[in-house]
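Q:
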Amino acid sequence: MPEPRALNADECAPVMRAIAEPIRLRIISTLRHGPLAVFELTERLGIKQYQASRHLTALFELGVVTRARQGKRVIYGLSEAVRNEPDSAPSVDLGCCRFSVE
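Residues are numbered in our numbering as their position in the sequence shown, beginning at 1, plus a constant of 4.
(1) Have a look at L40 and G67 and give me their C-alpha separation to the nearest angstrom.
(2) Measure the C-alpha to C-alpha separation of D97 and E44 and round it to an integer number of angstroms.
(3) What is the residue span of the alpha helix (DSSP H) that L63 lies within?
(4) What do you get for R21, buried or exposed, if any count of 16 or more other CB atoms within 10 angstroms of its CB means buried?
(5) Does the beta-carbon distance from V42 to A56 come in below 7 Å?
(6) So what's R28 in DSSP terms, helix, strand or just coil?
(7) Report the three-state DSSP secondary structure of V96 (helix, strand or coil).
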């Protein structure tokens, strides 16, 4: 797995703003366990589809999550650069910060 590169302050600020949303933190925490389709995320998190899509798009644009189309479904997962090894502490490394998720 590639090591996340360190971000400077100008690169770090947008990432910090993006993850400041509680729903986005919940999405990151949920995706830490593996990729999911949008409808699976909405069911697990108890949010509307449009909310999930909006937050996932923001995280995708920053490179925090990946997306892949499987037929009509869109599957999201954590990008390889932010994932930790499965046996490591439950945290995500965004390049400018590492935070714990549960």
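Here a beta-carbon is modelled for each residue, glycine too, at the ideal position from N, C-alpha and C. Bear in mind that the values here come from a model prediction, so they are computed numbers and not experimental data.
A: The structure says:
(1) Locating residue 40 in the sequence shown gives position 36, counting from the first residue. Locating residue 67 in the sequence shown gives position 63, counting from the first residue. Cα-Cα distance, rounded: 17 Å.
(2) Within the sequence shown, residue 97 is the residue found at index 93, counting from 1. Within the sequence shown, residue 44 is the residue found at index 40, counting from 1. Distance between the alpha carbons of D97 and E44 is about 24 Å.
(3) For this step, residue 63 is matched to residue 59 along the sequence shown. Start and end: 53-65.
(4) Numbered from 1 along the sequence shown, position 17 holds the residue referred to as residue 21. Exposed, by the Cβ-count rule.
(5) Stepping through the sequence shown from its first residue, residue 42 is reached at position 38. Stepping through the sequence shown from its first residue, residue 56 is reached at position 52. For V42 and A56, yes; Cβs fall inside 7 Å.
(6) Taking the first residue of the sequence shown as position 1, residue 28 is located at position 24. DSSP places R28 in helix when its eight states are reduced to three.
(7) The count along the sequence shown starts at 1 and reaches residue 96 at position 92. Collapsing the DSSP output to three states places V96 in a strand.
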